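J.: Position 176, counted from 1, in the sequence shown is what UniProt numbering calls 176; the numbers after and before it change by one each time, with no gaps.
No residue lacks a Cβ here, since even glycine has one placed at the ideal position from N, Cα and C.
Note that the structure is a prediction, hence the values are computed from the model and not measured.
Submitted below is the structure of interest, expressed as structure tokens.
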Amino acid sequence: MNPQREERLEKIRKQIEYYFDDINLYKDRFLKSFHEGEVDHWIPIDILLRFKHLRELTSSRAEVIDALRNRSELVEVSVDGDCVRRNPEKPEGNHNEVLKDYKRRSVYIGGFPLRTTFDELKAYLEMYGNVPSFVTRRDSETQQFRGSIFATFETEQLAQQFLANPTAGIYRGRFLDRKMQLDYEQYRQRKIQLDYERYYAHI
């Protein structure tokens, strides 16, 4: 057994399982169109190999097969080895419940240096538990990283443990702003309302 290869296969498995996770299928229109449009929901492995984060891990269909067969409970490989799909025995959840669960497990983290890379953010998060996905917040015009992310932990408990960990609140000497996504959304709504009231108080 080659430890480095096993580690790479594990990363490949996790990345593909992320693609077929409830919340990603809910958000990713391109993947969902394939998932719903193909007979029996099979998606060619060659399509997945075009995805940026999987492409960074492997360009080999054989490695994808090895990473999933007898390893993944969520994603299965077709008999001919050409396609993958979400295990029919693990159907998608109700979209409203999926979104609620997603937000209960998601944390807002702000204060990162603007030049922090995706891999650096990923390495930081991996120190504090299993984080199946995270979203970098970017300027709508320039697409420049805004220094904040939404990170989705595997469980709500892990998210709460992350917030309670003082070590996680410091990154390269900077103090990070951390709160549950639901709390952040409420904070933003209050701020918008206050700004609105201040504006109309002066006209």
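1) Tell me where the beta strand (DSSP E) around V84 begins and ends.
2) Assign F134 to one of three DSSP states: helix, strand, or coil.
3) Is there contact here, the stretch 102-109 with the stretch 151-165, by at least three beta-carbon pairs under 8 Å?
4) Going by DSSP, name the residue or residues bridged to A151.
5) Go ahead and label R71 buried or exposed: buried means 16 or more other beta carbons lie within 10 angstroms of its beta carbon, across all protein chains shown.
6) Alpha helix (DSSP H) containing D119: first to last residue?
7) Apart from the five residues on each side of it in sequence, which residues of its chain come closer than 7 Å, Cβ to Cβ, to Y18?
8) In three-state terms, what does DSSP make of K179?
9) Check the DSSP bridge columns for F145 and list the partner residues they point to.
10) In this structure, how does DSSP classify E76 when only helix, strand and coil are distinguished?
11) What first and last residue would you give for the alpha helix (DSSP H) that runs through E63?
T.: Quick look at the numbers:
1) Its beta strand (DSSP E) spans residues C83 to R86.
2) In the three-state DSSP reduction, F134 falls in the strand class (E or B).
3) The stretch 102-109 makes contact with the stretch 151-165: 3 or more CB pairs, one atom from each, lie closer than 8 Å.
4) Beta bridge pairing from DSSP links A151 with V107 and F134.
5) Taking a 10 Å sphere around the C-beta of R71, we find fewer than 16 other C-beta atoms and assign the residue as exposed.
6) F118 to E126 is the span of the alpha helix (DSSP H), which, as asked, contains D119.
7) The answer, listed in chain order, is N24, P132 and S133.
8) In the three-state reduction of the DSSP assignment, K179 falls in the strand class, which pools E and B.
9) Bridge partners of F145: R138.
10) Here E76 sits in strand by DSSP.
11) Per DSSP, E63 belongs to the alpha helix (DSSP H) from R61 to L68.
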